[in-house]
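To start, the structure under review is shown below, and the notes come after it.
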Ligand SMILES: C[S@@+](CC[C@H](N)C(=O)[O-])C[C@H]1O[C@@H](n2cnc3c(N)ncnc32)[C@H](O)[C@@H]1O
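Residue numbers (our numbering): 1 to 204.
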């Protein structure tokens, strides 16, 4: 049986609150988004993808770094809010999709898996990392950031999600930032071998 949380779980959650995690209001989230954006190794990306975009708060900030950005979610209610929030950004496309089964076509130089992986069971999570790795351009950036504390309903913890990511082939870690509450990592699609930002930009 598939143990990943279904769309109905999130539909019910969004029926109780438009922004259940306080993405638009909590300092915790604002600070975490700032950490995540600061960790991205490239100033600009040509084509980014954020599955599980919710109401599009992080999407809006990612959009400032991307020429084109795809944002998807499997729940309907947050997508309406995301479309409203992002309507003036013509380079951002919002679609209803579930991962890993409905992964979009084409390649990306930025993938953002933020507060999403722990909703999947281990088999679906492994499929997610495989799909993400296959869709990343050589040297492309995969940003993963997750809450670390156990949540009763969730099939996995954030640390489980990042342990599975560390074991996924075809990726090398560039950034690791761990706090009591969240783990934030940036991986690059290998080959080529991972090089530091100073090395990439000719500083050393
Ligand atoms: C906690 S929010 C994360 C929002 C955003 N990525 C951020 O960090 O600000 C998780 C979102 O993922 C969506 N979601 C959960 N499982 C999903 C799946 N298998 N496929 C697509 N979206 C999913 C939920 O509907 C919810 O809106």
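We treat Cβ as the ideally placed atom computed from N, Cα and C, and that holds for glycine.
Cα-Cα, which of the options is closest to residue i?
i, options, result
"residue 170", "150, 152, 194", "194"
"residue 79", "89, 94, 65, 66", "94"
"residue 191", "141, 150, 25, 67", "141"
"residue 91", "115, 46, 189", "46"
"residue 126", "86, 40, 167, 179", "167"
"residue 160", "35, 124, 133, 33", "124"
"residue 63", "44, 81, 76, 77", "44"
"residue 165", "179, 143, 149", "143"
"residue 76", "96, 67, 86, 40", "96"
"residue 51", "22, 100, 81, 67", "100"
So residue i is in the beta strand (DSSP E); what residue range does that whole segment cover?
i, result
"residue 51", "45-51"
"residue 66", "66-73"
"residue 138", "136-147"
"residue 11", "Taken as a continuous stretch (DSSP letters only), residue 11 belongs to no beta strand (DSSP E), being part of the alpha helix (DSSP H) at 7-16."
"residue 76", "Premise fails: residue 76 lies in the alpha helix (DSSP H), 76-86, not in any beta strand (DSSP E)."
"residue 96", "92-96"
"residue 23", "Where residue 23 is concerned, there is no enclosing beta strand (DSSP E), given that its DSSP letter is neither H nor E."
"residue 114", "108-114"
"residue 188", "182-189"
"residue 176", "171-178"
Can you tell me where the alpha helix (DSSP H) holding residue i begins and where it ends?
i, result
"residue 59", "57-63"
"residue 160", "158-167"
"residue 204", "It is not in any alpha helix (DSSP H) - residue 204 carries neither H nor E in the DSSP assignment."
"residue 31", "27-39"
In whole angstroms, what separates the C-alpha of residue i from that of residue j?
i, j, result
"residue 53", "residue 102", "15 Å"
"residue 69", "residue 181", "28 Å"
"residue 38", "residue 30", "12 Å"
"residue 119", "residue 201", "37 Å"
"residue 151", "residue 158", "10 Å"
"residue 4", "residue 88", "34 Å"
"residue 25", "residue 18", "12 Å"
"residue 98", "residue 128", "10 Å"
"residue 215", "residue 204", "Since the first residue shown for the chain is 1 and the last is 204, residue 215 is missing from the structure and cannot be characterised."
"residue 131", "residue 116", "15 Å"
"residue 177", "residue 155", "23 Å"
"residue 184", "residue 114", "9 Å"
"residue 197", "residue 122", "32 Å"
"residue 32", "residue 6", "26 Å"
"residue 8", "residue 146", "22 Å"
"residue 153", "residue 10", "12 Å"
"residue 83", "residue 42", "26 Å"
"residue 27", "residue 36", "14 Å"
"residue 179", "residue 65", "25 Å"
"residue 104", "residue 187", "20 Å"
"residue 163", "residue 67", "31 Å"
Does any residue of chain D have a CB that is nearer than 8 Å to the CB of residue i?
i, result
"residue 142", "No chain D appears in the structure shown, which is made up of a single protein chain."
- Message: Any contact between the region 161-178 and the region 10-22? By contact I mean 3 or more CB pairs, one from each, below 8 Å.
- Response: Touching, no.
- Cβ pair count under 8 Å reaching 3, the region 103-122 against the region 130-149: Verdict: yes, contact present.
- Item | Stretch pair the region 68-82 + the region 45-59: three plus CB contacts closer than 8 Å | yes
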